[in-house]
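Colleague: Pasting a structure here, questions to come.
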Amino acid sequence: MWDSDDADEFIRGAMRWHFDPATGSPFWLAQASSLGFDPRVDVRSVADLRLFPNVVDELRHVRPEQLIPRGYGDSAEIVGVYDSGGTTGAPKRVVFLDDWLQRMITHMLEPLDRLGVPLGLNWLGMLPTGPHAVGHFIGMAARARRGLMFNIDLDPRWVRRLIVSGQQAQAEAYIDHLVEQASQVLLSQEIGVLMTTPPLLERLARRDDLLAAITENVRLIMWGGAHMDTDTHDLFRNEVFPGIPLHGVYGSTMIMGGASQRLGDTELPTFDGFGPYITFSVVDPVSLEPVPYGVRGQVVTSHVSKSMLLPNNLERDTAIRVPALPGQPGDSLADLAPVQVFGDEAVVEGVY
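Counting in the numbering used here, the sequence shown runs from 350 upward without gaps.
What follows is the structure, encoded as C-alpha cells:
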C-alpha cells in the first residue's frame, strides 16, 4: 500500500503507482517516454510536481478509459465521466472513481460540524448537474448529512454563450428563470443548506420574499463556481445574511474536487488545499516561479491520488499567496480572482 501520512512519501508512492506498467493508466504510461525525466526517480516531493508539463488540455480529446489506472483491474468503481465548465474552450473530461469521491466528500463535509450545522437539514443546490461533477457531489453531501436534496439545474455554458454574443437580455431572462425555480423550493420547503454561486446568491437576495425565507430557515450558505470579491463577501456575511455562516468552496474539475474556505476571522477569503491530494502554488505567470507571500500571482494546482494524476496545471485564477496551515504542503490562496484572458480565450464567468 503506497498511501502515507507523510506528504513526500505519499508522492513517491504515487509516482511508483502511476508509472509502473502494471498499475499506471494508459494515458500516463504513454506520456512517460516524452517527459524527459523518470517520475519514479526524480519526483521525490510535492515541490517536484512542477517538473511535469501541464497536460490538461489533452483531456479535451483523450478517451476517458485511458485515464483509469490498470492497477484497479476489474475492481474500479467508476462513478462517472465529468466535464469542466468550458470557460476556456472545449470542455476537458475526467473519470471519477468511488474511492476518491468518498474521500473528497468526507473532506468537504468536515467543516460543517465545526460550523455548528446540524444533521438532517434539507439542501438546495443551484448548480450545474449533467456533465458537471459538482451537482453529483452536493447530492452525495446532502445524503451523507441525512438531508434531502433539491436541485435547480443550470447550464453555465449557455449563459456564457449569451453574454459573449452580446445577448445580455437573454442571459438576464435565463437567470430570472433560475431564480423563479429556486423560489418555488425556498417558499414551499424548509431548506437548511443553500449551495449556489455568488452571482445567483446576489439575485436571490434582491427578492424580499426569498431573502426572508433564507434568513428564517437556512443554517449554512455554501458558495462556489464563480469568484466573490472581498467587499461582496463582507457585505453578504455582515449585512445581507448576518448570522448565517458563509462558507466557500474553490472547486475545479482539474483538481477533482474542491478546497474549503478557511474557518475563522481572516482578512481575506482564504482557501486551503487538501494535501497531499490537492495542492496549490502561486507563481509569476511569466517565469512560473513562486511569488513572495502576500503577493498576487497565478494559481497552479496539482491533484495526486490513487485514481488520478493531474500535476502542475496553470489555472485561470489569480490569488494572493499565503502560507498553508501547519502540516499542509504547498500554498494557500487568498482573494481569488479570474484572469482576463486564458489560452487566447477571454474568460467570461457568467453565473459559474
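No residue lacks a Cβ here, since even glycine has one placed at the ideal position from N, Cα and C.
Compare the C-alpha of A561 against each of I593, I501, T619 and name the closest.
Modeller: Within the sequence shown, the letter at position 212 stands for residue 561. Of the candidates I593, I501, T619, the one whose C-alpha sits nearest the C-alpha of A561 is I593.
Colleague: I'd like the span of the alpha helix (DSSP H) that includes M453, first residue to last.
Modeller: For the purposes of this step, residue 453 is identified with residue 104 of the sequence shown, where counting begins at 1. Looking at the DSSP string, the run of the alpha helix (DSSP H) that includes M453 is 447 to 463.
Colleague: According to DSSP, is H485 helix, strand or coil?
Modeller: Here the question's residue 485 lines up with position 136 in the sequence shown. Three-state DSSP puts H485 in a helix.
Colleague: Taking 7 Å as the limit between beta carbons, can you name the residues of its chain near R389, skipping five residues before and five after?
Modeller: Within the sequence shown, the letter at position 40 stands for residue 389. Cβ within range, chain order: M364, R365, F368.
Colleague: Taking contact to mean at least 3 C-beta pairs separated by less than 8 Å, is the segment 525 to 545 in contact with the segment 458 to 473?
Modeller: Yes, since at least three Cβ pairs between the segment 525 to 545 and the segment 458 to 473 fall closer than 8 Å, the two stretches touch.
Colleague: Look at L617 and T667 and say whether their C-beta atoms are less than 9 Å apart.
Modeller: Here residue 617 refers to the residue found at position 268 when the sequence shown is read from its first residue. Here residue 667 refers to the residue found at position 318 when the sequence shown is read from its first residue. No, these two residues do not count as a Cβ contact at 9 Å.
Colleague: Do three or more CB pairs link the segment 596 to 604 to the segment 430 to 446 at distances below 8 Å?
Modeller: Flag = yes, the segment 596 to 604 and the segment 430 to 446 touch.
Colleague: Reducing DSSP to helix, strand and coil, say where V508 ends up.
Modeller: Here residue 508 refers to the residue found at position 159 when the sequence shown is read from its first residue. V508: helix per DSSP, three-state reduction.
Colleague: Use the C-beta contact count for A371: other C-beta atoms within 10 angstroms, 16 or more gives buried, fewer gives exposed.
Modeller: Here residue 371 corresponds to residue number 22 of the sequence shown, with the count starting at 1. Classification for A371: exposed.
Colleague: Once the 5 residues before and after S630 are set aside, which same chain residues still bring their CB inside 7 Å of it?
Modeller: Sequence index remark: in the sequence shown, residue 630 carries index 281 (1-based). Correct list, in chain order: P639, V649, G679, D680.
Colleague: Is F590 closer than 9 Å to V534 when the C-beta atoms are compared?
Modeller: Here residue 534 refers to the residue found at position 185 when the sequence shown is read from its first residue. Here residue 590 refers to the residue found at position 241 when the sequence shown is read from its first residue. Contact: no.
Colleague: If you draw a straight line from the alpha carbon of E551 to that of Q380, how long is it in whole angstroms?
Modeller: Within the sequence shown, numbered from 1, the residue matching residue 551 stands at position 202. Within the sequence shown, numbered from 1, the residue matching residue 380 stands at position 31. Near 44 Å, if we compare the C-alpha coordinates of Q380 and E551.
Colleague: Indicate whether the contact test is met: 3 or more Cβ pairs, each with one atom in the segment 470 to 487 and one in the segment 393 to 411, closer than 8 Å.
Modeller: No, because fewer than three Cβ pairs between the segment 470 to 487 and the segment 393 to 411 fall closer than 8 Å, the two stretches do not touch.
Colleague: Please list, in chain order, all residues of the same chain as M350 whose beta carbon is under 6 Å from its beta carbon, the five residues on each side excluded.
Modeller: Looking up residue 350 in the sequence shown gives position 1. Interpretation of M350 is limited by its pLDDT of 44, a score under 50 that renders its predicted location unreliable; the figure taken from the coordinates is listed afterwards. Here the set comprises nothing.
Colleague: According to the neighbour-count rule (16 or more other Cβ atoms, all chains shown, within 10 Å of its Cβ), is S651 buried or exposed?
Modeller: Here residue 651 is taken as the residue at index 302 of the sequence shown, counted from 1. S651 is buried by the Cβ-count criterion.
Colleague: Measuring alpha carbon to alpha carbon, tell me which residue in S514, L658, L511, A683 is nearest S609.
Modeller: Position 260 of the sequence shown, counting from 1, holds the residue named residue 609. When only C-alpha atoms are compared, the closest one is A683.
Colleague: So, helix, strand or coil for A683, using DSSP?
Modeller: Walking along the sequence shown from the start, residue 683 turns up at place 334. Correct three-state label for A683: strand.
Colleague: How about P634 and G624: are their beta carbons less than 9 Å apart?
Modeller: The residue you call residue 634 lines up with position 285 of the sequence shown. The residue you call residue 624 lines up with position 275 of the sequence shown. Going by C-beta atoms, P634 is not nearer than 9 Å to G624.
Colleague: Could you check if H526 is buried or exposed, using at least 16 other CB atoms within 10 Å of its CB as the buried criterion?
Modeller: Working through the sequence shown from its first residue, we reach residue 526 at position 177. It counts as exposed.
Colleague: For S394, tell me which candidate among F359, S383, S532 has the shortest Cα-Cα distance.
Modeller: As a working mapping, residue 394 is identified with position 45 in the sequence shown. The shortest C-alpha separation from S394 is found at F359.
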